[in-house]
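Residue numbers (the working numbering), protein chains in the order written: chain A, 1 to 463; chain B, 1001 to 1097.
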């Protein structure tokens, strides 16, 4: 039986890897997801067959409650709220790992034994990473759901406090490894890991959330991996490290797309607007001219091609369906429409793709930054909807700009640029965008959804 | 088996390596479903939760196990379902006749 269970875990790991691999293409991805789910089911059934599992009442109760909540969340959540959803799920995964590590330590204590070998270290890592992931994810959730301010929360001496807490955490961790039977110290470790999760995420601004969510995703996997070592279960170790690797890759992609190091994202409190610098250097005598949707429609009537650049503003205004309608109307007028997706547009990796897919935009029309940039000079209209920093030409040319070096979408090279924006407020990075003052740029001020719908009507009017 | 540090390290390193290889091939188009899907997989910690809740051990660890099962099940069920829902929305261009 023991051997059968071990082989089942192996089968589960193979299914999970196959499933993840099939997520590599939109055609095979739905099946890949189902295969991964089957892999998970195999691992769960194998565990239930283990001789340590003697009572099923608590298990059934837990699974029923968890499935109900998970099922409700998954079916009710709006696509624009996907970053919050993922943050919340990360948190639950991390929380579960902490609880498992703690329960295992209590079992050792009850038996009057002390864990040996790598087990104490694994318990500490599982509890610590899991606890930090739990509270960190809840804060990320609160910021994304706008239950708390998205802006970075900074206070004097923040770094010193964090460094001291970090040192204390390491000290407590070592103390637990040396004396795992001392439960009060372990309790202290849990408390401090929960506190660390909060303190590490509060200074990070809303637009840096793609990095934070990716990193927390990675942590939830690493916490599961650590509990695998606690229990001596290879299935957990393999699956946990798959997720750990996945989250780390996404984290790196997000950091590269902002041309910033992970340290800078986590500790730089980017976007905590330096008012004095803005007042001194950020003034611009030029005034951006506002135009109406009708003015834009006139330009459209002489155009053959359009590239839409969506940003977080489109998500906030729930404008994806209106954008799709505009794309249809333009198509009817013989204008080709593509969508340029910046890697960090939105609040999580791939956020814009999901929203546009929800609005029935075919995925062939969603083009990555490196593939679409050469096309801008040949394009009649670049339509920027609720994006700012990812289209700021200063990133290419102004060495003094905070976002210098960040790869951007070259919208300024299109013949005409329309920018739909609520106001002239600078973007997340707190820097002014010279794109808005260019001669070939038309600013259309207003809410993304209302403005796009007005644009739809205006284009329809033209023959 | 994992008591042997060499075996443990081998499994860990190889699994991380496979993870890096497999995930690097996922296009940015699918990064959100990848994230929610891998999220569901991190709910594998449910295995440990089942062992904690189903054992004949102390009541406190049974309760911790119960909460862990609830958390992990939300993670697994919610993760796979929402990924399925999202992936269902990704459609190719309709062939134009």
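Just so you know, even glycine gets a beta-carbon here, dropped at the ideal spot from N, CA and C.
I need the straight-line Cα distance from residue i to residue j, nearest angstrom please.
| i | j | result |
| --- | --- | --- |
| residue 225 of chain A | residue 245 of chain A | 11 Å |
| residue 340 of chain A | residue 38 of chain A | 35 Å |
| residue 89 of chain A | residue 300 of chain A | 43 Å |
| residue 49 of chain A | residue 13 of chain A | 17 Å |
| residue 237 of chain A | residue 110 of chain A | 26 Å |
| residue 233 of chain A | residue 174 of chain A | 24 Å |
| residue 276 of chain A | residue 456 of chain A | Unreliable positioning characterises residue 276 of chain A in this predicted model, as indicated by a pLDDT of 40, which lies under 50. A coordinate reading is not provided. |
| residue 202 of chain A | residue 182 of chain A | 32 Å |
| residue 1060 of chain B | residue 1037 of chain B | 32 Å |
| residue 1075 of chain B | residue 1024 of chain B | 23 Å |
| residue 10 of chain A | residue 328 of chain A | 49 Å |
| residue 273 of chain A | residue 154 of chain A | Summary for residue 273 of chain A: the model assigns pLDDT 47, below 50, so the residue's position carries little reliability, and this model does not support an answer. |
| residue 145 of chain A | residue 229 of chain A | 35 Å |
| residue 98 of chain A | residue 113 of chain A | 20 Å |
| residue 1062 of chain B | residue 189 of chain A | 21 Å |
| residue 1092 of chain B | residue 368 of chain A | 16 Å |
| residue 1003 of chain B | residue 266 of chain A | 35 Å |
| residue 1028 of chain B | residue 106 of chain A | 43 Å |
| residue 305 of chain A | residue 205 of chain A | 36 Å |
| residue 47 of chain A | residue 1051 of chain B | 7 Å |
| residue 124 of chain A | residue 240 of chain A | 16 Å |
| residue 1084 of chain B | residue 1043 of chain B | 16 Å |
| residue 23 of chain A | residue 83 of chain A | 19 Å |
| residue 53 of chain A | residue 64 of chain A | 18 Å |
| residue 1010 of chain B | residue 222 of chain A | 16 Å |
| residue 435 of chain A | residue 140 of chain A | 31 Å |
Compare the C-beta of residue i against all C-beta atoms of chain B and say whether one is closer than 9 Å.
| i | result |
| --- | --- |
| residue 282 of chain A | With a pLDDT of only 44 at residue 282 of chain A, under the threshold of 50, the placement of this residue in the model should not be trusted, and no figure is reported. |
| residue 233 of chain A | yes |
| residue 238 of chain A | yes |
| residue 197 of chain A | no |
| residue 365 of chain A | yes |
| residue 229 of chain A | yes |
| residue 311 of chain A | no |
| residue 164 of chain A | no |
| residue 75 of chain A | yes |
| residue 21 of chain A | yes |
| residue 255 of chain A | no |
| residue 55 of chain A | yes |
| residue 354 of chain A | yes |
| residue 243 of chain A | yes |
| residue 360 of chain A | yes |
| residue 375 of chain A | no |
| residue 184 of chain A | no |
| residue 392 of chain A | no |
| residue 50 of chain A | yes |
| residue 324 of chain A | no |
| residue 16 of chain A | yes |
Would you identify the three-state DSSP class for residue i, choosing helix, strand or coil?
| i | result |
| --- | --- |
| residue 209 of chain A | helix |
| residue 403 of chain A | coil |
| residue 185 of chain A | helix |
| residue 1078 of chain B | helix |
| residue 294 of chain A | helix |
| residue 301 of chain A | helix |
| residue 359 of chain A | coil |
| residue 252 of chain A | helix |
| residue 348 of chain A | coil |
| residue 477 of chain A | It is not possible to answer for residue 477 of chain A, since the shown part of chain A is limited to 1 through 463. |
| residue 157 of chain A | coil |
| residue 50 of chain A | coil |
| residue 33 of chain A | helix |
| residue 449 of chain A | helix |
| residue 321 of chain A | helix |
| residue 393 of chain A | coil |
| residue 1090 of chain B | coil |
| residue 1 of chain A | coil |
So who's on the other strand from residue i, going by DSSP bridges?
| i | result |
| --- | --- |
| residue 416 of chain A | A:381 |
| residue 337 of chain A | A:306 |
| residue 444 of chain A | A:420 |
How about residue i: is its C-beta nearer than 9 Å to some C-beta of chain A?
| i | result |
| --- | --- |
| residue 1040 of chain B | yes |
| residue 1072 of chain B | yes |
| residue 1052 of chain B | yes |
| residue 1006 of chain B | no |
In chain order, what are the residue ranges of uninterrupted alpha helix (DSSP H) at least 4 long that sit wholly in the stretch 61 to 139 of chain A? 82 to 110
Which full runs of the alpha helix (DSSP H) of 4+ residues lie inside the stretch 1004 to 1038 of chain B, going along the chain? 1005 to 1024
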